[in-house]
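Reviewing the structure listed below.
Residue numbers (the numbering used here): 868 to 1018.
Dropping the structure here:
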């Protein structure tokens, strides 16, 4: 895939920063940036690299970080839309993540300044700049204004 745009990187970086600060304060897991690969299935091989991901400590019970791609799904994934992203490609990514066991996929749209929350067997919720993004049951206590991601 082609490298992401500057704006894409800024938005992903801001989201990473607010998640990282919270997760570090709680010592609840790991926040990872783009290019971190997760093998979601072996047959067919499905490898995905989200823009931002959160993995609970419990997924790495021995504390030894995988040297290669992780062979498990993160708990939370954020995908920042690029102008070149198609609806079908996005739907496939979200579906792959949810089928692999990701609890929530946040689709971050810099053009519309919205964040869509996708969870298995639930309707999609779309948050605007005045709304508050919550970690819900995945990251209890995490909250940030959507506008902070796009500031």
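Backbone N, C-alpha and C fix where the C-beta goes; we use that ideal spot for every residue, glycine too. Note that the structure is a prediction, hence the values are computed from the model and not measured.
task: List the residues that DSSP assigns as beta-bridge partners of residue 992.
output: Beta-bridge pairing links residue 992 to 984.
- request: Answer with buried or exposed for residue 1018, where buried requires no fewer than 16 other C-beta atoms within 10 angstroms of its C-beta.
  value: exposed
Beta-carbon contacts of residue 878 that lie in its chain and below 7 Å, excluding the five residues immediately before and after: 947, 975, 977, 1016, 1017
Unbroken stretches of the alpha helix (DSSP H), 4 residues or longer, contained in the stretch 897-970: 954-967
query: When the Cα atoms are used, what is the spatial distance from residue 889 to residue 1002?
result: 10 Å
query: So residue 970 packs on residue 1000, CB below 8 Å; how close in whole Å?
result: 15 Å between Cβ atoms; not a contact.
field: Bridge partner(s) assigned by DSSP for residue 1010
entry: According to DSSP, which records beta bridges pairwise, residue 1010 is partnered with 1001.
task: Determine the extent of the alpha helix (DSSP H) in which residue 894 is found, giving its start and end residues.
output: In the DSSP assignment, residue 894 falls outside any alpha helix (DSSP H) and carries neither an H nor an E.
query: Nearest to residue 929 by alpha carbon, out of 884, 896, 919?
result: 896
- request: Taking residue 945 and residue 922 to be in contact with their CB atoms under 8 Å, please state how far apart those CB atoms are, rounded to whole angstroms.
  value: Contact flag wrong, Cβ pair sits at about 13 Å.
- request: Starting from residue 974, follow its DSSP beta bridges and name the residues at the other end.
  value: 946, 983
message: DSSP three-state label for residue 1018, please.
response: coil
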